[in-house]
Amino acid sequence: MHVMLRSLAGGLGIAALAGALLAAAIQVQALRERTYPPPVDQQDAVYLTSGAAIRWLSGAYSAVMADVYWIRAIQYYGGLKRRLNPRPDASASAAPVAPGPTPYSQLYPMLDITTTLDPRFNIAYRFGAVFLAEPPPSGPGRPDLAIGLLEKGLRERPDKWEYMEDIGFVHYWYRRDYGAAAASFDRAAGMPGAPWWLQSLAATTLAQGGDRRSSRLMWEALRDSADNDWLRQDAERRLAQLRALDDIDVLQAAVGQWAARGVPVTDWPTIIRAGVLAGTPIDPSGTPYELTREGRVRLSPASPLWPPPDEPAAIVVQPPS
Numbered sequence: 005m006h007v008m009l010r011s012l013a014g015g016l017g018i019a020a021l022a023g024a025l026l027a028a029a030i031q032v033q034a035l036r037e038r039t040y041p042p043p044v045d046q047q048d049a050v051y052l053t054s055g056a057a058i059r060w061l062s063g064a065y066s067a068v069m070a071d072v073y074w075i076r077a078i079q080y081y082g083g084l085k086r087r088l089n090p091r092p093d094a095s096a097s098a099a100p101v102a103p104g105p106t107p108y109s110q111l112y113p114m115l116d117i118t119t120t121l122d123p124r125f126n127i128a129y130r131f132g133a134v135f136l137a138e139p140p141p142s143g144p145g146r147p148d149l150a151i152g153l154l155e156k157g158l159r160e161r162p163d164k165w166e167y168m169e170d171i172g173f174v175h176y177w178y179r180r181d182y183g184a185a186a187a188s189f190d191r192a193a194g195m196p197g198a199p200w201w202l203q204s205l206a207a208t209t210l211a212q213g214g215d216r217r218s219s220r221l222m223w224e225a226l227r228d229s230a231d232n233d234w235l236r237q238d239a240e241r242r243l244a245q246l247r248a249l250d251d252i253d254v255l256q257a258a259v260g261q262w263a264a265r266g267v268p269v270t271d272w273p274t275i276i277r278a279g280v281l282a283g284t285p286i287d288p289s290g291t292p293y294e295l296t297r298e299g300r301v302r303l304s305p306a307s308p309l310w311p312p313p314d315e316p317a318a319i320v321v322q323p324p325s
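Here the sequence shown is numbered in the numbering used here, starting from 5 and rising by one per residue.
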């Protein structure tokens, strides 16, 4: 009996020591990665691909391990995005990408592991869906995986109307499926605690999907429902981009009118001297708009609002036959 107790105690001691060492290793790794982010090319492989297995191995420290994987996912996504999508100024060009798997191929596995380790990791679901849905080169262009991640969150937390709203957003903005978007907003509106305006958003999306006004309404809704600063600031940036598109439409019309009258429209100083404008027009960020030699008004690559959004195609209502 004493031998058995000693053996049991020894086993428990080893297990406790192993658990303590694992916890220490996880914390050291998290601190290291926060302080000294590893290069992007060292993050391209997920050596353990089963979130359930990692959760079992991490035991009581699965939430801490989820933080580690979340940090790696952010570094992996951000590093690749910087390499693949630099600002197109005179000195910048896209860094070459080594042959191998499709860029961002490890992003979903990292997010899946993160949310398996901590199934209530709200930020990982909502940010991760945005990362996954972004079109190349800013992301993998996988709205299907974004929706799958959010649906995984809904299975864990069926009361999170925000996840259903986000699914509607992915359908609207990235898949151009306005019927599915409206259905998702309608489902979100029926969930406990959902704001009243989701029902209006569903109706507007179904009637006017792709219209810039409905896009603005959607981003305003996302801004107002954001539960963290990053999502709120991203929505504000998208709204500023829409205001810039409105400005560009007005400026382009003015440039076209004056070009038809024989006024050179190759640069802003010429137009200002002609009395068409009082000064160089600026976008909502305070950066001057560009005017090309062909007379085309556009956002400057130096603007925080660059690149402009690829707007969804508006719904065309056919007259009755």
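Just so it is clear, CB atoms sit at the ideal spot from N, CA and C, and this is done for glycine as well.
For Q256, the enclosing alpha helix (DSSP H) stretches over residues D233 to A264. In the structure shown, E294 adopts extended strand secondary structure according to DSSP, grouped into three states. Exposure of V254 is indicated by the presence of fewer than 16 other C-beta atoms within 10 angstroms of its C-beta.
Here the C-alpha atom of V72 lies approximately 41 Å from the C-alpha atom of P292. Sequence-distant Cβ neighbours of R302 in its own chain, meaning closer than 6 Å and more than five residues away, are E294. P140 counts as exposed, since fewer than 16 other C-beta atoms from the protein chains shown sit within 10 angstroms of its C-beta.
Contact check for A258 and V280: beta-carbon distance about 7 Å, within the 8 Å limit, so the pair qualifies. Under the three-state reduction of DSSP output, R302 falls in the strand class. Residue nearest to G145 within the set Q261, G83 and Y178 is Y178 (criterion: CA-CA distance). Closest in alpha carbon position to L149, among P162, R161 and D170, is D170. A244 and P288 do touch by the CB rule: their CB atoms are close to 4 Å apart, below 8 Å. Of the candidates R220, L221, I276 and R161, R161 places its Cα closest to the Cα of M195. Close CB contacts of G132 within its chain, under the 6 Å cut and outside five residues either way in sequence, are with L115 and L153 (chain order). When the beta-carbon positions are compared, R227 and A239 come within less than 7 Å of each other. In terms of Cα proximity to P113, the closest of N126, F135 and Y65 is F135.
A direct Cα-to-Cα measurement between W310 and G214 gives close to 20 Å.
The beta carbon of L210 is closer than 6 Å to those of A186 in its chain, skipping five residues each way along the sequence. Annotation for L154: the continuous alpha helix (DSSP H) segment containing it runs P147 to E160.
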